[in-house]
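Notes for the one structure printed next.
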Amino acid sequence: MKKEELIEKAFEVRKNVLRMAQIDKKGFIAQGVGAADFLTVLYFYAMKYRPEDPKWEGRDRFLLSAGHNAIAVYAAMAEAGIIPKEELDTYGLDNSRLPMSSMPAYTPGIEISGGSIGLGLPIAVGMALGLKKKGSDARIYVMMGDGELAEGPVWEAAMSAGSYKLNNIIALVDVNGIQADGKTSTVLDTEPLTDKFKAFNFYVQRIDGNSISALMTAIDNAKASAEEKPSVILCDTVPGKGIPFLIGDPKSHFISLNDEGWVRAYQELERGEN
551 MKKEELIEKA
561 FEVRKNVLRM
571 AQIDKKGFIA
581 QGVGAADFLT
591 VLYFYAMKYR
601 PEDPKWEGRD
611 RFLLSAGHNA
621 IAVYAAMAEA
631 GIIPKEELDT
641 YGLDNSRLPM
651 SSMPAYTPGI
661 EISGGSIGLG
671 LPIAVGMALG
681 LKKKGSDARI
691 YVMMGDGELA
701 EGPVWEAAMS
711 AGSYKLNNII
721 ALVDVNGIQA
731 DGKTSTVLDT
741 EPLTDKFKAF
751 NFYVQRIDGN
761 SISALMTAID
771 NAKASAEEKP
781 SVILCDTVPG
791 KGIPFLIGDP
801 KSHFISLNDE
811 GWVRAYQELE
821 RGEN
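Rendered as structure tokens:
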């Protein structure tokens with residue numbers, strides 16, 4: 551897809567996030583719409599996969615490490631045709647294939663369970679080693695949150711990925727600055743992320759994670775890099791992007807809205823406000 555088409559697709563992904571969250575009148579809305587741009591670029595520009603065959607051996611693997619942001623991934627998967635769009639209306643309900651935290655036993659196209667944060671990159675290391683042993687050219691894309699970078703296994707995996715020169719890993723970190731207990735900078739400051747990942751022998755790019763063009767360039771750079779290193783793209787995102795009244799409030803990590811709030815959310819999104 552071209553840039554303009556990706557921008558339109560990201561708008562549809564954001565609408566899907568609101569559609570799902572409205573079922574129970576609450577959810578991970580702000581981070582869901584904040585991550586819409588880089589998920590759109592992943593599913594409609596970066597990754598190779600077959601919507602009708604989620605287990606295709608030659609596919610790129612997408613690992614959602616911060617499983618509570620499954621709402622954004624389902625929103626993108628519905629646009630990609632991996633799951634039916636009408637199934638979004640079952641999000642979080644009993645017997646749904648779309649649980650609030652991602653689980654592969656329930657949902658086609660989901661590779662790992664993400665309920666325990668900090669495990670996506672460790673799993674990616676094992677997968678990457680296995681794919682290299684098979685001679686596969688498939689890549690592994692890992693989506694992490696900045697809050698989960700406080701977990702020790704992330705850095706053990708980073709050390710391993712750099713040591714083994716796993717250039718088939720492209721990690722994307724959603725640096726949105728909020729987590730369940732407040733601002734990431736005050737709960738446990740994980741910066742300077744660029745320096746830390748470079749120290750573990752990663753090819754590091756830090757970009758505006760809500761810029762489609764910046765995301766496209768970063769993906770192209772990671773794929774074209776001749777260095778035998780894993781890649782990480784640090785995506786500075788705005789939680790609540792597209793819905794201004796959610797921006798800047800740490801409580802928007804998981805938020806309940808009344809009827810007036812839902813009307814306002816849809817209106818602001820439709821107006822294209824930032």
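Everything in the sequence shown is counted per our numbering, starting at 551 for the first residue and increasing by one. Even for Gly, the Cβ is constructed at its ideal location relative to N, Cα and C. Quick caveat: nothing in here was measured; it's all calculated off a predicted structure.
Which term fits Gln581, buried or exposed, when burial requires 16 or more other beta carbons within 10 angstroms of its beta carbon? buried
Distance, Cα to Cα, Asp587 vs Leu614? 15 Å
For Val813 and Ala625, what's the separation of their Cα atoms in angstroms? 20 Å
Hey, would you say Val563 sits closer than 8 Å to Glu636, going by beta carbons? no
Taking only runs of the alpha helix (DSSP H) that begin and end inside the stretch 697–768, which ones reach a length of at least 4 residues, in chain order? 702–713, 734–737, 743–749
So is the beta-carbon of Ser666 under 7 Å away from any non-hydrogen atom of the ligand ADP? Of the ligands one can find in the structure shown there are none, so the ligand ADP has no counterpart to examine.
Leaving out five residues before and five after Val583 in sequence, what residues of the same chain have Cβ atoms less than 7 Å from its Cβ? Arg564, Val567, Gly790, Lys791, Gly792, Ile793
Inter-residue spacing [alpha-carbon to alpha-carbon] between Ser761 and Gly822: 14 Å
Report back the beta-carbon spacing between His803 and Ile728 to the nearest angstrom; my notes put them in contact at under 8 Å. 5 Å
Return the CA-CA distance between Ile499 and Pro601, expressed in angstroms with no decimal places. Here the chain has residues from 551 to 824 only, and residue 499 is not among them.
How long is the line joining the alpha carbons of Lys733 and Gly798, rounded to whole angstroms? 10 Å
Between the stretch 741–754 and the stretch 773–791, do at least 3 Cβ pairs fall closer than 8 Å? yes
Between which two residues does the beta strand (DSSP E) holding Gly695 run? 690–695
Check the C-beta distance from Phe795 over to Glu818 and give it rounded, since I have them as a contact under 8 Å. 7 Å
Compute the Euclidean distance between the alpha carbons of Ser663 and Thr640, then round it to the nearest angstrom. 19 Å
Coil, strand or helix - Ser802 by DSSP: helix
Once DSSP output is grouped into helix, strand and coil, what is the label at Gly680? helix
Can you give me the C-alpha to C-alpha distance between Ala707 and Glu554, rounded to a whole angstrom? 36 Å
Going along the chain, which unbroken runs of the alpha helix (DSSP H) with 4 or more residues stay wholly within the stretch 570–628? 579–584, 586–591
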